[in-house]
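Numbering (my numbering), first residue to last: 93 to 1275. Presented below is the structure to which this report refers.
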Amino acid sequence: MEYNQINKIEKATFQNLANLKNLHLDNNKIMGIEKETFQNLTSLEALYLYKNEIKNIEEGAFQNLGNLRMLSLLHNDITYIGAGTFNTLGNLRTLNLSNNRIQDYEDGTFLFLSSITNIDLRHNSMACRCHLPAFVDYMNQEYSRHVNVFGSCLNEQNRLIEILKYSQCESYKLFQQNLQCQTCSTIMCTDSDVTSCPGAEPVCQNTVSMTSETRKLKRFCSTYRKCTEAMRNNALTCNTKSSETSCVGCCTGKLCSKSGFNEWYNTFEFHLIYTVNPSLTSGSQNQLLNKDISKSLEHEFLSMTGVFEVEHCGMQSNKEIFTISCAVQYKTTKDQVEQNIRDILKTSQTLHNLGIRQDDVEIIGKRAICNEDTILTDNIFLIWPITKVGTFATIPCHANIATRYCSSSTALQQEIPTSHSKIKQKCTPFTGVWQKPNLSQCNNTKWINQKLKDIKIQNIDEGNIEKFSRQLWDISKKSVYFKEEDFQLAVDIHEKMVPLISKVSTNITLNNILLSINNMEDTPEGILDGTEQSNRSVTRMLNIIETIPDKISLEEQQVTVLYSNLGIGVIRVEKDTFNGASFGVLPRNQETKAKTLIYSSSQPEDTMKISISLPRSLFKHLKNEEQSSVSRISFFFIEDDKLYRVIQTSSTKEYSKITSHIISANVLNIQITNLEEPVKISFNLVYQNQQCAYWDESSGQKPRWSTNGCNTTTNGPGDKVVCSCNHLTSFTLLDVEQPSFVLSHVSCGISLVLHILIAIFYGCIKKLRRCLASKILISLCISLAVVNIIFLIGMQPYALKTTAACKAVAALLHYSLIATVMWMGIKVFHAYIVLVTEGESYEKYFMIVSSILAWGLPALITLAVNFTNNYIRVAQVCWLSKTTFYITFLTPVVIVCIFHIIFSFLIQKIMRRHTIQEQKRTAFLSFICVFFLLFLLRFSWLLTFLAFDEAAEVFDKLFSIFNLLQSLLIFLFYCINEKYIRHLICKCAWNQEEEKTMNSSQNLQMQGQPRISKQSTSPQSTSQQSTSPQSTSSQSTSSQSTSQQSTSQQSTSQQSTLQQSISLQSTSLQSTSQQSTSQQSTSQQRTPQPVENSRLTESDLLQVAKHLGPNWKHVGIFLGIDLVSLENIKHDHANNSREQSFQMLTTWFRGSDCKTDRVEILREAIENAECYYALEHLPKDIK
C-alpha cells in the first residue's frame, strides 16, 4: 500500500487480515496513528511506516502486535514519544525513528522492549535523558545483550553528544523503588487495593484468563524479568482471543496497572452525569441514595454481555458524576457499548424514579481528553474545546488559526475537593494535559488574498451565489487584517453579486452578502483611505449598501435587519394609501436585542435611539410617471461615520466631526427634494452643541456633510435632538465647535480672590470674627469661593471624559450653589432678627442651626439627586437633567428668593419708619445693595447654563460682567465701606513703619551715634497733645499718654512723633477693656471736658447712656453705626449695659461730622428708639 495518498487509517481496515506478516504503508500522507489501528494483525512481523507525515502516535496504537519484529517510522514529523507507545512490543528487535523531529521522550518509553537490539534515533533534536543509557546498561549487565543505539542528543550546554555517552545520570534509577501497584481481581480496583512492591526491579503485572464460561482479571506485583518473559508469550497464548486464552501486560509507575487489560480484553469506561438540586437532600441521604443508584444501574446493565460496574464519583457544580466501567468481549467496540448504555438509560426505571429527564443526562465516552481551556494571549482570549488526548485542536486566531496538542497525563492521581463532595481523579474524564499552543500562523494573511482571488475569477450566477457569498462572509470575518488589495477584491466580488440580489432569496442577501459588508466596515481606516484614493472602493461599497435595500426581494410587506455596524429596512408602499412611514433603531435592553423597526405612520416610538419619519405628503409633488413607479421606500442605518469620513477626507481633506449615528431614507430611482412637510430625524442628545447635517453629493462639488436646508431643535438636556429637513438622503449630527470661555474663567478667578480676601479679613481679625454677622458673612464668602473653584477646575475638558468625574463636578457645583443661596437668605434673616429682637439668647444657637441648615440641607438634596443618576453632561458642562433641575435647584432658589425679598422689605420698612430724614437715603442705598447682591448671584450663574449654541459668546460676556460685579459689590460693601477694616489696615501699616524706625534707631545707637536732643521735640509733642482735636479726656487715656511720653524720652524725636500720630489715628480702634469696670468707678475717673465744636461733653453722653437700657443697640442703628461695631462693643463689655451704651455713643460721636448738628441727630435717634426716659437726661440747655 506504499506510494499512495493515504492520510488516515480506520480501525476496521485490517479486520480480516490476522495472518498478514508484512505491511508496507510507507510513502503516503498518514498524519497520525490512532489506538487499536493494527489490533487485528496478530501475526504481523514487519511494519513499514516511513516517509509519511505522522505527528503523533496514540498510546495503544501497536496493541496486540506481539509478533512484531521490525518497526520503521523514519522520515516522519514525530515530536514526542509517550511512555506507553511501545509497551506491548515485547518481541520487537529493530526500531527506526531516525529523521523525525523528536525533541523529547517520556521516562520508561523503551523499558519493555525486552527483545530490542537496534534503536535508530539519528537526525533528531532530542534532549539528553538518562532512561535510554540506563536501559542499555541494564540489558547488557542482566541479559548480556548488546543494544545498538544510533543518534546524538543535546546536553545542558546545548552541545551534541552521543546518546549513550550522556554522563549526568549517577543518581538515576531505572526502576521505581517501593512501586505501588493495584492488586485486585475486578475491573476497577478501589483506592484501598494498593500494595507497595518489594525488590530491586518491581513492575506491575496484569493478567486476564478467559474461558468460554469464565473471565478472570488479576492485578499484582511482579518483577521485570518474570513479567517480560510472560509478556513475550502473548504471541502464543493471547493471539486468538478465543476460549482458554491468557494474556499478560507489564507497566511501571505509580498505580499504572489500574486499567491494564486493554491489550486483550476490551475494558471501557464511561461517565454518567446529570444535574440535581443539592438542597433537596442532605449529605448523608445523598450518599445512601448514590449507593442505591449504583446498584440499581448495575442490575439494569445485566442485560448486556460483559461485566459492568457503576461507581459514584461525587458532585461537582450541582452535577452528580458516576463512572461506568465494563469489560466486554474483544470484538465489541466502544461505540457499540456506549450505544447499548444509552438505550438502557432511555428506559431506565432508576432515573425515572429520581425524576431525571433524558435531556439532563450526559454520557461521556472519552476517558482521556483535555478539558475546555481559555487562555489570554496577544490581548485576545483563545477558547480551546474539549479535545481527545493525542490529537491537535485548531481554533481561529487573529488572521488565521492556532493549534494546540492534547497529551496524556502522568501526574499522580489525587482527590480534587469540590464545594459539595470530592471528585476522585479516576472519576474525571479530563485527564489530558494541554501543551503550549502554536501561534505561529495567527498573523498569516496570505490565505485571505488567495481565497478572494479564487472567488473573483469564478463565474457567479444564481446557482452558486449562495456558495460563494458564504465563502466571502467567512473571509470577511478577518476584515481587520485586510490589506488594500484584499478590500478591493471583496468590493469587486460584491459588485458582481448585487445584480443577482433580486433573483435570490432574502436569506442569502441578508445572512451572507449584507453580513459580509457589515464585517468589512471593521477594516482599518488607513487601509480604507488607500483604497479610496486608488480606485474609490469605499464610495463603491457605500453605493452597494444603498443599492441592497432597493434590490432585495420583498417576500413580505417589510424587511428589517440589524447587525453590529449597519442595518436596513424596506417597506412596500402605495402612493394612494401612503400615510407616512417611520424607520428607527430600538436599543437593546435586558430582555431584547437591539433591532430596526418600521412603522406605517410618521410617529415612531420615543424609546428609539435614532429614527426618521416621512410625512404623508411625501409623494405629493412627484410627477405622474414618478408616482406610478413608486413601490418601496428603503432605509439604512450605519453605526459610525467611518465610510463617510474616508470619502470626505480623501476628496476635500476636511473633517467634519460626527457625534451620532447615520440614518438614511430613499425612494428607488426618484430624487425627493423641496418637501412641503419636512422629514423629521430624531437623535438621542449626547452633546448639546450639535447641529443637523446631511450628505451632500450635489453635482459640481465634492461629497461632504452640509447643514443647509435642515433645522435643529433641542428638546432639552438629556432628551432628543430633532432635525427637520426638506429632502431625503443620509442624515447625522455634527459637533459644533464651542468658543473658549476665557473671559468667564478670568471673571471667576477675580471673584475667587475677592471672596477669599473678605473671608481672611473677617476670619483673621479677632474683633470681627467673634461677631455673629461676620461669621455669617465668612460662610457666605466660603461658599461663593467654592463655587468659583469648582467652575474653574471642574468645567474643563479633562473633567468631562469620564462619567464619574462629570457626576462629581455636577454634584459639587449643585451643592455649593444651593449652600450659597441658603447663606444669603440666612444673612437677611439675621439682619431682621437684630432689628426686631431685644433679647440676645438666640445668638447662642443661631450659628449652629444656620450651619446645619445651610450646609446640611444641600447635602441631602445632592445625595438624593446622585442616587437617582440625574447628573448628566449637558454640552460642555456637567449639570442636572431637565426635570431634576426644576425640582432640586430652581425650586429652592425661588423659595429663598421670595424669603429674601419679603424680609428685605420688612427690614427697609422698619428702618425707614425710625430713621431720620438725613439717614433715609443711606439706609435705602444699603437695602438696594443687599437686594441686588441676591439678584446678581442668581442671574450670573443662570447665565452660565445658557452659554451655548449661537448665543454662547453673548451669554459668556454677560456672565463674566455680572459675576464680577457681584463680587466687587460684596467686597466694596463689606470691606472698603467698613471703617473698622480701613482703620485696621492703616494701623497695620503704621505698626510696620514704627518697627522699621525703631530698628533703625537701635542700629544708630549701636554704631555710637549721638542722640537727638529731646528739647527740640518735646514742645512740639506737647503742643500736639494739647491741640489734638481728637484727644480723649478720660483718666485712663491720660495715664496712657503719660506712659507714652515717658517711653519717648528714651527714644528719638521721630519715634515720639510716630507714637503720637499712631495714638491719634487709632483712638477709635483702641481696646476698651480698661473701661470694663463698674459705672461708678468709671464716672469718678472722668472729668467733664468739652468736646471740640460741640456743646456735648462726655458727662452728657454718660448721663444719656445710664438710661438707654437694653435698647442701646437700636439707638446705635438709628445713629448709623454698623452691626459689626455694635457686636464688638457688646462682646468687649459683656454684662455691663451702661458701659456698652456709653461706648456706643462715644463711637458715634467720634465718627460723626463736626459740621452737623449732632445734638439734634442724637435726640431724633433716641426718640425713634422710643427711649424717652434717656431723652429727659440730656442737659436742659441742649434739649
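For glycine and all other residues, C-beta sits at the position ideal for the given N, C-alpha and C.
By a beta-carbon distance limit of 8 Å, isoleucine 644 contacts threonine 598. Their separation comes to about 6 Å. Leaving aside the five residues that flank leucine 607 on each side, the residues in its chain whose CB is nearer than 7 Å to its CB run, in chain order, Trp565, Tyr655.
When secondary structure is reduced to three states using DSSP, asparagine 758 falls in the strand class. When the five nearest sequence neighbours on each side are left out, the beta carbons in the same chain lying within less than 8 Å of the beta carbon of arginine 214 are those of Ser190, Asn191, Phe242, Gly243, Ser244, in order along the chain.
Leucine 581 is positioned such that its CB atom lies no closer than 8 Å to that of leucine 634.
Here lysine 1205 has Leu1218 as same chain residues with Cβ atoms under 6 Å from its own Cβ, once five neighbours each way along the sequence are excluded. Closest in alpha carbon position to lysine 127, among Ala686, Val814, Ile472, Thr483, is Thr483. Per DSSP, threonine 1238 is one residue of the alpha helix (DSSP H) stretching across 1229-1243.
The C-beta distance from glycine 182 to serine 206 rounds to 6 Å, short enough to meet the 8 Å contact threshold. Straight across, the Cα-Cα distance linking methionine 612 with isoleucine 549 is about 20 Å. Short of 8 Å from the beta carbon of alanine 153, and not among the five residues preceding or following it, lie these beta carbons of its own chain, in chain order: Ile125, Glu126, Lys127, Glu128, Thr129, Phe130, Thr177.
The C-alpha of phenylalanine 981 is placed about 15 Å away from the C-alpha of asparagine 961.
Taking the CA atoms as reference points, asparagine 958 sits about 46 Å from isoleucine 487. Counting C-beta pairs with one atom in each stretch, the region 716-735 and the region 751-758 have three or more that are closer than 8 Å, which means they touch.
Straight through space, the alpha carbons of lysine 310 and tyrosine 258 are spaced by roughly 39 Å.
Within the same chain, and ignoring the five residues on either side of glutamate 464 in sequence, the residues whose Cβ sits closer than 8 Å to its Cβ are Ile475, Trp476, Pro477, Ile478. Going by DSSP, arginine 664 is part of the beta strand (DSSP E) stretching over 658-664.
If you look at glycine 341, you'll find it in the beta strand (DSSP E) that goes 337-343.
By the neighbour-count criterion, in which a residue is buried when 16 or more other Cβ atoms sit within 10 angstroms of its Cβ, valine 838 is exposed.
When the five nearest sequence neighbours on each side are left out, the beta carbons in the same chain lying within less than 6 Å of the beta carbon of serine 499 are those of Val525, Gln527, in order along the chain.
If you check the CB distance, threonine 954 and histidine 906 come in under 8 Å. With 16 or more neighbouring CB atoms inside 10 Å of its own CB, proline 294 falls in the buried class.
Closest in alpha carbon position to serine 263, among Ile1209, Cys222, Glu392, is Cys222. It is roughly 42 Å from the alpha-carbon of cysteine 873 to the alpha-carbon of phenylalanine 775. Given a length threshold of 3 residues, the region 413-439 has no whole run of the beta strand (DSSP E) inside it. As the crow flies, the alpha-carbon of threonine 329 is around 10 Å from that of alanine 322. Shown here, glutamate 234 sits in a helix according to DSSP, grouped into three states. With respect to the C-alpha of cysteine 784, the residue from Lys559, Thr824, Pro795, His753 having the closest C-alpha is Thr824. It is roughly 24 Å from the alpha-carbon of methionine 939 to the alpha-carbon of asparagine 1228.
If the five residues before and after phenylalanine 106 are omitted, its C-beta is found closer than 6 Å to the C-beta atoms of Asn132, Leu133, all from its own chain and listed in chain order.
Note on geometry: alpha-carbon atoms of glutamine 272 and lysine 308 lie some 22 Å from one another.
For alanine 897, the three-state secondary structure derived from DSSP is helix. Per DSSP, proline 488 is one residue of the beta strand (DSSP E) stretching across 484-489. Taking the Cα of aspartate 212 as reference, the smallest distance to any Cα among Tyr230, Cys863, Thr287, Tyr142 is reached at Tyr142. Taking 4 residues as the minimum length, the alpha helix (DSSP H) runs contained wholly in the region 600-659 are 607-612, 617-627, 629-643, in order along the chain.
Contact between leucine 389 and threonine 442 holds, since their C-beta atoms are separated by about 6 Å, short of 8 Å.
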